[in-house]
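Numbering (the working numbering), first residue to last: 1 to 293. Notes follow the structure.
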């Protein structure tokens, strides 16, 4: 299934004393790059969340934001770890006794020690329930994102199939005009040779053979055959199940190469005009393919 590389997903869940919000967006990128921002206390979940992204997003830049908010009016306050305070006081006294130093600790000293005083709300936000809600919320946002990418991919596929039909029409017209272009060139070449030879006797059979050989140099049959093959491959990739953006981009480069060769070889005004139209259409196709995963 064709998917766009651009998308957005959002989800929110409420738990006891908290709410979780997740926003995930993806944009075009050559590789699969993931940037995840979540509260520091839940950093251990980062690898798991990134793996979840990689299971669903194969190409593009992903920016994910996880926010955990405490419900307002939820028993604000602080808890003092008194056992840790006692340990710090004991250690301070031992140091003072051993080295003959003042062993008293001020309140300011105690407040500066990390983790001695903990916000009561923080305790309420710990536990398996919160981690589970983060995972569920992340998964919901990711599914919304994937759905958006698939919907956009459907529109891209429809547009590309229509443009491919336009290119096939131009291709068929080139195939119709190509034999006549070769014949016209051969006749012009023969006339030019006769003008150069003037009154010098010439072997008409040899002259016709040489004219035909030179005229074959402007034949575009091989290029048109390869173009037709590229069109078939392009259509098959659009209908496939695997990410195809890079392969489609490569095929467009090959199509452009063949069309440019046709334009340089065909000494025919009508064919030259068709080539210009095909190049313009291929550029539109290329721009659309840049959005495909």
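Every residue, glycine too, gets a C-beta built ideally from N, C-alpha and C.
- The Cβ atoms of residue 1 and residue 27 lie no closer than 8 Å to each other.
- Apart from sequence neighbours up to five positions away, the residues of its chain that approach residue 136 with a beta-carbon distance below 7 Å are 13, ordered along the chain.
- In this model, residue 240 and residue 261 are separated by some 30 Å (Cα to Cα).
- With contacts defined as CB atoms closer than 8 Å, residue 231 and residue 168 qualify as a contacting pair.
- Taking residue 249 as the centre and dropping the five residues before and after it, the same chain places the C-beta of 289 closer than 6 Å to its C-beta, in chain order.
- Rounded to the nearest whole angstrom, the CA to CA distance from residue 80 to residue 116 is 6 Å.
- Three or more Cβ pairs closer than 8 Å define a contact, and the segment 54-66 meets that threshold against the segment 29-38.
- Taken through DSSP and simplified to helix, strand or coil, residue 63 comes out as strand.
- Here residue 178 is near residue 221, since their CB atoms are less than 8 Å apart.
- When the five nearest sequence neighbours on each side are left out, the beta carbons in the same chain lying within less than 7 Å of the beta carbon of residue 263 are those of 272 and 275, in order along the chain.
- Counted as a single uninterrupted DSSP element, the stretch harbouring residue 102 is not any beta strand (DSSP E), since DSSP gives it neither H nor E.
- Judged by DSSP secondary structure, residue 225 falls outside any beta strand (DSSP E) and instead within the alpha helix (DSSP H) spanning 221-238.
- Within a 10 Å sphere around the beta-carbon of residue 130 sit 16 or more other beta-carbons, which makes this residue buried.
- Counting along the chain, the unbroken beta strand (DSSP E) around residue 20 starts and ends at 18-27.
- Following the DSSP letters along the chain, one finds residue 10 inside the beta strand (DSSP E) bounded by residues 7-15.
- Runs of the alpha helix (DSSP H) lying entirely within the segment 237-289, each at least 4 residues long, are 245-265 and 269-289 in chain order.
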